[in-house]
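Asker: Sharing a structure, written as structure tokens. Questions coming.
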Amino acid sequence: MRIIVRSKETNLWLPIPLFLANTAVLLLPESVIAEIKKSLPEPYQEVITKKFLQELVRECQSVLKQYKGLEIVHVETQDGTFVSIRL
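With the working numbering, the residue at position 58 of the sequence shown is 1511, and numbering never jumps.
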């Protein structure tokens, strides 16, 4: 995934590998998972676990690889700021 931000002061290009999403889930503390569970309706609270989130990320990674190059966010403002997120 690539995140591109261009403005008058900044020209930022961030390549973010998809495998980092799985690493981020591994590093999530249980307190964060508990907060996520609190924000969900009752029947879904038991479903959300770290293992479930890892499986979800793996499935999303395989789908996202099929759509490599797809631009999911494209914003241009009047002052010339440009933001793009591309898979």
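Quick reminder that beta carbons are idealized off the backbone N, C-alpha and C, glycines included.
The model shown is predicted, which means the values in this text are computed figures rather than measured ones.
Among residues of its own chain, excluding the 5 on either side of Y1520, which ones have a beta-carbon nearer than 7 Å to its beta-carbon?
Answerer: Here residue 1520 refers to the residue found at position 67 when the sequence shown is read from its first residue. Counting only Cβ-Cβ distances below 7 Å, and skipping sequence neighbours, we find L1540.
Asker: Quick one: give me the first and last residue of the beta strand (DSSP E) that P1468 is part of.
Answerer: Locating residue 1468 in the sequence shown gives position 15, where the first residue counts as 1. Element bounds for P1468: N1464 to P1468.
Asker: Please report the straight-line C-alpha distance between L1523 and A1487, rounded to a whole angstrom.
Answerer: By one-based count along the sequence shown, residue 1523 stands at place 70. By one-based count along the sequence shown, residue 1487 stands at place 34. Those two C-alpha atoms are separated by around 33 Å.
Asker: Report the CB separation of V1510 from A1474 in whole angstroms; it is logged as a contact under 8 Å.
Answerer: For the purposes of this step, residue 1510 is identified with residue 57 of the sequence shown, where counting begins at 1. For the purposes of this step, residue 1474 is identified with residue 21 of the sequence shown, where counting begins at 1. V1510 to A1474, Cβ: 5 Å. Contact.
Asker: Ignore the nearest five residues each way along the sequence and tell me which others in I1469's own chain have a CB closer than 6 Å to its CB.
Answerer: Locating residue 1469 in the sequence shown gives position 16, counting from the first residue. Within the same chain, I1469 has close Cβ partners M1454.
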